[in-house]
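What follows is a set of notes on a single structure, which appears directly below.
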Amino acid sequence: MNERDWTELVGKEITVDDKPISSADDEQDLARPTVYRGTVVSATNDPAALRIFLPRTRKEMTVYPNQWVIRVIGEAP
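Residue numbers (my numbering): 1000 to 1076.
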């Protein structure tokens, strides 16, 4: 498994999806997955966790890379 240094994402804008796009096998899964877009304000590697600020709601949320699909804005997938 490719272990990423999650602390490198602090200050970057990311999107997080609740499931991979390729998981749309089921009829119900054809709806667009939940997507959040925000800026990483803090991160840890052990345990792997990102704290992101969501500008639309002006709130923060914690995401865990093992449960979310994380994409950095402007970075190749």
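Here a beta-carbon is modelled for each residue, glycine too, at the ideal position from N, C-alpha and C.
Span separating the alpha-carbon of residue i from that of residue j
i, j, result
"Thr1038", "Pro1046", "19 Å"
"Val1034", "Ala1048", "17 Å"
"Lys1011", "Thr1056", "18 Å"
"Asn1044", "Glu1002", "9 Å"
Cβ separation of residue i and residue j, assumed to be a contact under 8 Å, to the nearest whole Å
i, j, result
"Val1015", "Val1062", "5 Å"
"Val1077", "Phe1052", "One cannot answer for residue 1077 here, as it falls past the ends of the chain, which runs 1000 to 1076."
Collapsed DSSP secondary structure at residue i in the structure displayed
i, result
"Leu1056", "A small correction: the amino acid at residue 1056 is Thr; Leu does not occupy that position in the sequence shown. Reduced to three states, the DSSP call for Thr1056 is coil."
Environment of residue i [buried if 16+ CB atoms lie within 10 Å]
i, result
"Ala1075", "exposed"
Extent of the continuous beta strand (DSSP E) run through residue i
i, result
"Glu1012", "Glu1012 to Asp1016"
"Thr1006", "That residue, Thr1006, is in no beta strand (DSSP E); it is neither H nor E in DSSP."
"Ala1042", "Val1034 to Asn1044"
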